[in-house]
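K.L.:
If you're matching positions, the sequence shown starts at 20 in our numbering and goes up one per residue. A virtual CB, placed ideally from N, CA and C, is assigned to each residue, including glycine. Given the structure is predicted, the values throughout are model-derived calculations rather than measurements.
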Amino acid sequence: MTLPEVQNAISEKKICVLIPTYNNEKTLKRVIDGVLDYTENIIVINDGSTDSTLQILEKYSITIINLSENKGKGNALKIGFRKAKESGYDYAITIDSDGQHYPDDIPVFVENLLNENQDVLLIGNRNMSQDGIPKKSSFGNRFSNFWFWFETGIKLEDTQSGYRLYPLHKIPKKYFTPKFEFEIEIIVRTAWRHVPVKNVPIKVLYDPAERVSHFRPFKDFTRISILNTILVTITLLYIIPRNFINNFRKKSFKKFIQEDVLESDGSNRVKAFSIALGVFIGLSPFWGFQTLLVISLSVLFKLNKVLAFVASNVSLPPFIPFIIAASLFLGAPFISGDSNILSQDLNFDLVKNNLLQYIIGSFILASTMSVISGITAFLFLNKISPKNN
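#1: Restricting to Cα atoms, I'd like to know which of Gln26, Thr248, Gly159 is closest to Val127.
#2: Have a look at the DSSP bridge pairing and note the partners of Asp441.
#3: For Phe263, which residues in the same chain have their Cβ closer than 7 Å to its Cβ, ignoring the five residues on either side in sequence?
#4: Looking at the unbroken beta strand (DSSP E) that takes in Lys217, where does it start and where does it end?
#5: List the DSSP bridge partners of Ile34.
#6: Touching or not, the stretch 178-185 and the stretch 200-207, by the rule of three or more beta carbon pairs under 8 Å?
#7: Return the Cβ separation of Tyr108 and Cys35 in integer angstroms, given the expectation that the two are a contact with Cβ distance under 8 Å.
#8: Span of the beta strand (DSSP E) holding Pro186?
#9: With DSSP run on the structure shown, which of helix, strand or coil describes Pro197?
#10: I need the DSSP call for Pro352, collapsed to helix, strand or coil.
#11: Among Ile38, Val50, Trp168, whose alpha-carbon lies nearest the alpha-carbon of Asn65?
#12: Within a Cβ cutoff of 8 Å, which residues of the same chain sit near Ile243, ignoring the five residues on either side of it in sequence?
#13: Which value, in whole angstroms, describes the spacing of the CA atoms of Ser283 and Lys90?
#14: Just to confirm the assignment, what range does the alpha helix (DSSP H) spanning Asn144 have?
#15: In terms of residue numbering, what span does the alpha helix (DSSP H) encompassing Pro126 cover?
#16: Starting from Pro260, follow the alpha helix (DSSP H) in both directions and report where the run begins and ends.
#17: Using only the alpha-carbon positions, how far apart do Lys32 and Thr241 sit?
#18: My output table needs one value for Pro39: the three-state DSSP class, helix, strand or coil.
#19: If you draw a straight line from the alpha carbon of Arg208 to that of Leu398, how long is it in whole angstroms?
#20: Compute every distance between the C-beta of Ile249 and the non-hydrogen atoms of the ligand SAH, then say whether any falls below 7 Å.
#21: Buried or exposed for Ser68, please, with buried defined as at least 16 other CB atoms from any protein chain shown within 10 angstroms of its CB.
#22: What is the DSSP secondary structure of Ser283, counted as helix, strand or coil?
#23: In whole angstroms, what separates the C-alpha of Pro215 from that of Gly172?
#24: With 16 as the cutoff for other CB atoms within 10 Å, does Glu19 come out buried or exposed?
#25: Between the stretch 293-305 and the stretch 329-337, can you find at least three pairs of beta-carbon atoms closer than 8 Å?
#26: If you draw a straight line from the C-alpha of Asn247 to the C-alpha of Ile83, how long is it?
#27: Taking the alpha carbon of Tyr110 as the reference point, which residue from Asp117, Lys222, Leu96, Phe100 has its own alpha carbon closest?
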């Protein structure tokens, strides 16, 4: 795209550029000047800087928000998003002020947005294998990529770049994190809203003489780990089951049976593993969470969801007394428990009084029956449909 074309597209698509900054006096002017080559739709959020940032910003006729206290990048971005929407913008490109991002990559985001013809969240894809990239940054990015995939099912090569384009009316309105982990929260929760999240190629510069990093390895990594723990829990217990139920509602019963039960492209091995998983979850002591777990794990490992669900019903009420008895019996030798179970009344008080014995025994029972059912199912399916192995 030519420069005029980029400028016209920025105006027509109502795009602004957000620049959160904190004590980046060495690089801030260069970043702003570079962005001004493409647009004057700039909002700078000065996050309580104590260097010469205020004096630098006084020379520009752009929107500037000065915060009296440093409260973190996430907080600065939230304030910037709110100001952008109030100003009538539909999209916001965020660029860091530490000099690692090149303003001349702005056309990359604009062109990709135009090609999409839909609301999309774009994340700059840095070449993390190039010389000069800190090893801790490369590791942190791989770590973040894995958990983003686990939580959304979307595979990206870079999830930590701060150079992004956000659809302002599709991102969440409220957030729970104020600092670096905010940039993880927003892309995961936006993806949960079924907004496409994609990488676009950008350049990156790590100049130790200029760049000032405010990332605190121990504190911020701990905050990110806690956030991912929460997001994974929500993914397994709510997001995956919600998506499964929504997909079921969108299909006719016949199509659902064909695609989700029979799954003509699913191998006998996959179907056998699905049954084995269902039996394992059904016999394990996950009372109250068995359906959520079996559906979530089936989606995660791309197994047959319905077969796994049906198999998990091995723990239907008529079978519960037998499961309890077998679990207590199998667990007795491991804790010197009472193996004379059949002479006692089978009820939940018996389980409560022998809880450890029951838990150990139930996992033994679940593992054993899972293996047996999986092998049996595979042999049976392989016999009736050998070509689908």
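P.N.:
Once the coordinates are examined:
#1: The residue labelled residue 127 in the question sits at position 108 within the sequence shown. Out of Gln26, Thr248, Gly159, Gln26 has the C-alpha closest to the C-alpha of Val127.
#2: Given that the chain is displayed from residue 20 to residue 408, the structure contains no residue 441 and the question cannot be resolved.
#3: Along the sequence shown, one-based indexing puts residue 263 at 244. These residues qualify, in order along the chain: Ile314, Val318, Lys324.
#4: Taking the first residue of the sequence shown as 1, we reach residue 217 at position 198. Segment 216-220, the beta strand (DSSP E) holding Lys217.
#5: As a first step, residue 34 must be located in the sequence shown, where it is residue number 15. Ile34 is bridged by DSSP to Tyr110.
#6: At 8 Å Cβ cutoff, the stretches touch.
#7: Translated into the one-based positions of the sequence shown, residue 108 becomes position 89. Translated into the one-based positions of the sequence shown, residue 35 becomes position 16. The beta-carbon distance between Tyr108 and Cys35, rounded to whole angstroms, is 4 Å. This is short enough to meet the 8 Å contact definition.
#8: Counted from its first residue, the sequence shown places residue 186 at position 167. Unbroken beta strand (DSSP E) run through Pro186: 183-186.
#9: Looking up residue 197 in the sequence shown gives position 178. Pro197 sits in coil when the DSSP states are folded into three classes, being neither helix nor strand.
#10: As a working mapping, residue 352 is identified with position 333 in the sequence shown. In the three-state scheme derived from DSSP, where H, G and I count as helix and E and B as strand, Pro352 is classed as helix.
#11: By one-based count along the sequence shown, residue 65 stands at place 46. Comparing C-alpha distances from Asn65 to each of Ile38, Val50, Trp168 shows the shortest one belongs to Ile38.
#12: The count along the sequence shown starts at 1 and reaches residue 243 at position 224. Contacts found: Ser163, Phe199, Glu200, Ile203.
#13: As a working note, residue 283 is residue 264 in the sequence shown. As a working note, residue 90 is residue 71 in the sequence shown. Any answer about Ser283 is weak, because its pLDDT of 47 lies below 50 and its placement is not dependable; what the coordinates show is given next. C-alpha separation (whole angstroms): 54 Å.
#14: Sequence index remark: in the sequence shown, residue 144 carries index 125 (1-based). No alpha helix (DSSP H) holds Asn144; the beta strand (DSSP E) holding it covers 140-144.
#15: Here residue 126 refers to the residue found at position 107 when the sequence shown is read from its first residue. Counting along the chain, the alpha helix (DSSP H) containing Pro126 begins and ends at 125-135.
#16: Counted from its first residue, the sequence shown places residue 260 at position 241. Here the alpha helix (DSSP H) through Pro260 covers 259-269.
#17: Here residue 32 refers to the residue found at position 13 when the sequence shown is read from its first residue. Here residue 241 refers to the residue found at position 222 when the sequence shown is read from its first residue. The alpha-carbon of Lys32 is positioned some 38 Å away from that of Thr241.
#18: For the purposes of this step, residue 39 is identified with residue 20 of the sequence shown, where counting begins at 1. Here Pro39 sits in strand by DSSP.
#19: As a position in the sequence shown, residue 208 is number 189, starting the count at 1. As a position in the sequence shown, residue 398 is number 379, starting the count at 1. Here the C-alpha atom of Arg208 lies approximately 42 Å from the C-alpha atom of Leu398.
#20: Absent from the structure shown: the ligand SAH. Ligands present: none.
#21: As a working note, residue 68 is residue 49 in the sequence shown. With 16 or more other Cβ atoms within 10 Å, it is buried.
#22: Taking the first residue of the sequence shown as position 1, residue 283 is located at position 264. The predicted position of Ser283 is uncertain, since its pLDDT is 47 and thus under 50; no value can be drawn from it.
#23: Position 196 of the sequence shown, counting from 1, holds the residue named residue 215. Position 153 of the sequence shown, counting from 1, holds the residue named residue 172. CA-to-CA, the gap between Pro215 and Gly172 works out to about 11 Å.
#24: Past the boundaries of the shown model lies residue 19; the chain is included only from 20 to 408, so the question cannot be answered.
#25: Contact between the stretch 329-337 and the stretch 293-305 is present, because at least three Cβ pairs lie under 8 Å.
#26: Start at 1 with the first residue of the sequence shown, and residue 247 comes out as number 228. Start at 1 with the first residue of the sequence shown, and residue 83 comes out as number 64. Counting only the Cα atoms, Ile83 lies some 33 Å from Asn247.
#27: Mapped onto the sequence shown, residue 110 falls at position 91. For the residues Asp117, Lys222, Leu96, Phe100, the minimum Cα distance to Tyr110 belongs to Phe100.
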